[in-house]
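Quick notes on the structure that follows.
Chains as they are written, first to last, in my numbering: chain A, 3 to 358; chain B, 807 to 1415.
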């Protein structure tokens, strides 16, 4: 029904525009010989409309921020994230500054020089000084941005083993994530897809002593304040481990091990208490309860109330259920983390259980 | 006509060919070797493919805005993938994949550069036709065949290619990974291989024609910027398209002949595959070695068209002709060494990421120069607000908006968190999709009289088309940046599995409503286009008072373009509003432009541009 209405609206819209254009056509009293070339009157109208368009762009920008400013990501939950956010803020200020000015000049020129006032255009073919100025200004600005960006990038991507990071493997497969902890030795056992068998779903080499105490889980727990080095593998197609709240992302590539290191700084509990997040979640739950009412009216189950959790999502097209490939991440205190990890069975235990 | 030809036989003997052949319907409209007809064939095929690509976007925009709704439309268009009006997740991926492929390659590459390079290169440099009319015809028909195969792939049992338009393996290599990677993907690869052959034949022809067939006096520095941009586009195409061809070939081998170029260590559908030692990252390098220059193949012709139309309608020379050419050259060169910015987080060495950030941000410099030069071209002009001119102004606007967000995307550190989110979708749609489409539309409105023997498109309909489209385009893609900054990945069939993204539902509805309006108004354009082809009002020979040679050619299309000798060129193509030595009047009193074929007058200074 709705589809029919949409099609109907489309058709009616088309017809009305067509009719409008006919009215315009009929309203023309005395057509000039070449009526399809802009006249001074057209120049005038279109010039004003250009100014109107500038206003439209500005209003669209302001309204978008007003309506959707609260959809943006909250403060970063990781150490390097604040560096990225800073760089983003500086870049954003710069591009908004340049954008607002150039759009204004462009549309203002289109308005003020509309061809119904002056007798002649000015023959003005080139000016080396001007060209130099607007080459050198972007050069300097971009040099600054490049240098700042590269320092940030190198800082983030550089993994220093001396930090003694917690080593965790992220394992991607269509369409779920698993995590493997190095166990007491904080060292991952060797693994290969050719060794996948039974409960050994990650293909860890049973003969590698490092692998015996590895722990495989389906929920990622991280101790706050400790650097974590994620080693990533994929068993089938490309996936991308995207953790927007930590400003972290890396592709998982079959046939190679990729990595990304970061330090979580805000626990899940703290993030839930964050003012911005409290408001955001309240808003989301409002939307959900509205939706639930509609669902209840249709005799369907209501939606659950949402509570914030960090999440790892797949961000590289990986197949039909790409849109639902996620894993919960919990950042907690060192003690809670240790208590949780102690409850998880080691790979050796799992394997021996299987053989029983 | 032949009498004329004989009179001038002495001075342009070698140009006189084919004037007196009898044209049949087949040789005139189907297997034509005339560049003007081939140009129209490219344009109409491109517009047809555009209609399909845009309708696909309508389908998936509806799905994104109202994921819980049932649309009868889905059942009508998608058949078994839209049973009961519910879109199947796999067909969603197929739609975005084919939408991307069609729009990038079939509409904005073949439709834009194929149409206007073919039409304008011979006419603006003063040539009777392309260097090889036959190869030109072959190029079009290969393109046609590839279009048919691409459309045919929509109807195979398991569905068309659905691994994204970038077709990264292993997803695109393994039918077990996604249904679309079966016969659909095979057809996609065959279609693209033929497309590449078509594109190469076309490009080689453009390059040879520009280098060899310029009329007397038409030095490279007197070429209109359109021809410069088409020429450089062709060069980029020749450099980069063969690399995609080799990537496609290797992918075909991996799929069908058991090689391991891109595959290694794969366990899928309960078994280990024998592939060992390949790397998907290698494919990404090969793909983007074409893929990035490709976006400049799309945008450079639009830049050329905009420069030309903007100067004409401002009644002023383009500002900084040499800087415009230099920036085109710089962009063309840099475009081949920035591909890695698509791969910052692909797992390649972070040091490479640093290098590509550096080269990428460098491209902002020539782009900024071009934008400033366009704005200065408007300064103190006498702007003739023809429909084509409006598209050009809007082009500069969207190019700036989209280009600025490129500064964010190109910065590797910032890319980490917005890679593959809707932010990049918004960025490239504005800077290359919408901008290039505006360039195309500007060209269609401007050169319509040249293509259809003097008929002009309706101005009023054009104005309505323009304003609704330009408002709609910002309405779709500006809010999209917010969705990306909120962290929502692209290519998601629905976001309902993430309650965290529930507050984005409104934005999706707004974008879809703008999309529906924008798409609806394109019907007006199609009506105007088709109606004007047959019933458009006749305009004068040179409707926009332009200086370039195409307007000196015959209004009626004849093979050979000029019924008589080819005009010689005595000046650059931007002598608009040039004053005489005393600055009392224009060089030609009462006429504010001097066509290129008019010799230097006694009362004017010769300027060095």
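No residue lacks a Cβ here, since even glycine has one placed at the ideal position from N, Cα and C.
Hey, quick one: how far does the alpha helix (DSSP H) through residue i stretch, first residue to last?
i: residue 199 of chain A; result: Taken as a continuous stretch (DSSP letters only), residue 199 of chain A belongs to no alpha helix (DSSP H), as it is neither H nor E.
i: residue 156 of chain A; result: 130-159
i: residue 1265 of chain B; result: 1265-1291
i: residue 842 of chain B; result: 841-871
i: residue 171 of chain A; result: Unbroken run through residue 171 of chain A is the beta strand (DSSP E), 168-175; no alpha helix (DSSP H).
Going straight from the alpha carbon of residue i to that of residue j, what length do you get?
i: residue 952 of chain B; j: residue 1328 of chain B; result: 25 Å
i: residue 1305 of chain B; j: residue 76 of chain A; result: 16 Å
i: residue 350 of chain A; j: residue 357 of chain A; result: 11 Å
i: residue 265 of chain A; j: residue 1102 of chain B; result: 39 Å
i: residue 14 of chain A; j: residue 890 of chain B; result: 25 Å
i: residue 1234 of chain B; j: residue 332 of chain A; result: 35 Å
i: residue 11 of chain A; j: residue 1413 of chain B; result: 57 Å
i: residue 1154 of chain B; j: residue 1303 of chain B; result: 31 Å
i: residue 1040 of chain B; j: residue 1242 of chain B; result: 16 Å
i: residue 983 of chain B; j: residue 1357 of chain B; result: 55 Å
i: residue 869 of chain B; j: residue 1315 of chain B; result: 10 Å
i: residue 341 of chain A; j: residue 1283 of chain B; result: 47 Å
i: residue 1372 of chain B; j: residue 1363 of chain B; result: 15 Å
i: residue 1396 of chain B; j: residue 121 of chain A; result: 11 Å
i: residue 101 of chain A; j: residue 1271 of chain B; result: 25 Å
i: residue 1410 of chain B; j: residue 1375 of chain B; result: 16 Å
i: residue 908 of chain B; j: residue 1230 of chain B; result: 19 Å
i: residue 33 of chain A; j: residue 1014 of chain B; result: Interpretation of residue 33 of chain A is limited by its pLDDT of 48, a score under 50 that renders its predicted location unreliable; no figure is taken from the coordinates.
i: residue 1300 of chain B; j: residue 1253 of chain B; result: 43 Å
i: residue 1402 of chain B; j: residue 1030 of chain B; result: 10 Å
i: residue 345 of chain A; j: residue 180 of chain A; result: 17 Å
i: residue 9 of chain A; j: residue 299 of chain A; result: 27 Å
i: residue 214 of chain A; j: residue 198 of chain A; result: 15 Å
i: residue 209 of chain A; j: residue 216 of chain A; result: 13 Å
Using the beta-carbon of each residue, which ones in chain A are nearer than 7 Å to residue i?
i: residue 1053 of chain B; result: Those within 7 Å of residue 1053 of chain B in chain A number zero; the least Cβ separation is about 15 Å.
i: residue 1300 of chain B; result: 325
Just curious, the beta strand (DSSP E) that residue i is in, first and last residue?
i: residue 178 of chain A; result: 178-183
i: residue 264 of chain A; result: 260-264
i: residue 254 of chain A; result: 250-254
i: residue 241 of chain A; result: 241-245
i: residue 333 of chain A; result: 328-334
i: residue 312 of chain A; result: 312-316
i: residue 48 of chain A; result: Here residue 48 of chain A belongs to no beta strand (DSSP E); instead the alpha helix (DSSP H) covers 42-70.
i: residue 1154 of chain B; result: Counting along the chain, residue 1154 of chain B falls outside any beta strand (DSSP E), and DSSP gives it neither H nor E.
i: residue 230 of chain A; result: 230-236
i: residue 225 of chain A; result: 222-225
At a CB-CB cut-off below 8 Å, which residues of chain A make contact with residue i?
i: residue 1122 of chain B; result: 123, 124, 125 and 126
i: residue 1266 of chain B; result: 23, 26 and 27
On the premise that residue j lies in contact with residue i, defined as a C-beta separation below 8 Å, what is that separation, rounded to the nearest angstrom?
i: residue 1024 of chain B; j: residue 931 of chain B; result: 6 Å
i: residue 1095 of chain B; j: residue 1145 of chain B; result: 5 Å
i: residue 1382 of chain B; j: residue 1123 of chain B; result: 6 Å
i: residue 986 of chain B; j: residue 969 of chain B; result: 7 Å
Given that residue i touches chain B, what residues does it touch there, using C-beta distances under 9 Å?
i: residue 115 of chain A; result: 1120, 1184, 1185, 1186, 1187, 1188 and 1189
i: residue 301 of chain A; result: Those do not exist, as residue 301 of chain A stays about 14 Å from chain B at its closest Cβ, beyond 9 Å.
i: residue 227 of chain A; result: What residue 227 of chain A touches in chain B: nothing, since even the nearest Cβ is about 21 Å away.
Under 8 Å Cβ-Cβ, which residues of chain B neighbour residue i?
i: residue 332 of chain A; result: Residues of chain B passing the Cβ test: none, with the nearest at roughly 15 Å.
Name the chain B residues whose beta carbon is nearer than 7 Å to that of residue i?
i: residue 112 of chain A; result: 1184, 1189 and 1199
Worksheet entry | Members of the region 142-154 of chain A that neighbour chain B once the beta carbon cut-off is set at 8 Å | So the list reads 144, 147, 148, 151, 152 and 154, given in the order they occur along the chain.
Worksheet item: If contact means a Cβ-Cβ distance below 9 Å, which residues of the region 1352-1363 of chain B contact chain A?
Response: Those would be none; no residue qualifies.
Worksheet item: Along the region 182-216 of chain A, what residues have a CB closer than 8 Å to any CB found in chain B?
Response: For chain B, the residues of the region 182-216 of chain A that bring a beta carbon within less than 8 Å of one of its beta carbons are 194, 195, 196, 198 and 205, in chain order.
Worksheet item: When you check each C-beta in the region 1051-1078 of chain B against every C-beta of chain A, which residues fall closer than 7 Å?
Response: For the region 1051-1078 of chain B, the set of positions with a beta-carbon nearer than 7 Å to some beta-carbon of chain A reads 1070, 1071, 1072, 1073, 1074 and 1078 in chain order.
Worksheet item: What are the residues of the region 92-110 of chain A that lie near chain B, defined by any Cβ-Cβ distance shorter than 8 Å?
Response: Of all residues in the region 92-110 of chain A, the ones placed with a Cβ closer than 8 Å to any Cβ belonging to chain B are 93, 94, 96, 97, 100, 101, 104, 105, 107, 108 and 109, in chain order.
Practice prompt. For the region 39-51 of chain A, enumerate the residues whose C-beta is nearer than 7 Å to any C-beta of chain B, in chain order.
Written response: Answer in chain order: 39, 40, 44, 45, 48, 49 and 51.
Practice prompt. Name, going along the chain, the residues of the region 233-247 of chain A whose beta-carbon falls closer than 7 Å to a beta-carbon of chain B.
Written response: For the region 233-247 of chain A, residues whose beta-carbon sits nearer than 7 Å to a beta-carbon of chain B comprise 237, 238, 239, 240, 242, 244 and 246.
Item to complete: Could you name the residues of the region 1280-1292 of chain B whose beta carbon sits closer than 9 Å to any beta carbon of chain A, in the order they occur along the chain?
Response: Residues passing the 9 Å Cβ filter: 1280, 1281, 1284, 1285, 1287, 1288, 1289, 1291 and 1292.
Worksheet item: Residues in the region 154-177 of chain A with C-beta within 9 Å of chain B's C-beta atoms, listed in sequence order?
Response: Under the 9 Å Cβ criterion, the region 154-177 of chain A contributes 154, 155, 156, 157, 158, 159, 160, 175 and 176.
Discussion item. Tell me which residues of the region 1365-1385 of chain B have at least one Cβ-Cβ distance to chain A shorter than 8 Å, keeping chain order.
Written reply: Here the close residues are 1380, 1382, 1383, 1384 and 1385.
Practice prompt. Check each residue of the region 270-282 of chain A: if its Cβ is closer than 9 Å to any Cβ of chain B, include it; give the result in chain order.
Written response: Those would be 282, in chain order.
Item to complete: Compile a chain-ordered list of the residues in the region 1209-1227 of chain B whose CB is closer than 8 Å to at least one CB of chain A.
Response: Those residues of the region 1209-1227 of chain B that come within reach of chain A (Cβ to Cβ, closer than 8 Å) are 1210, 1211, 1213, 1214, 1217, 1218, 1219, 1220, 1222, 1223, 1225, 1226 and 1227.
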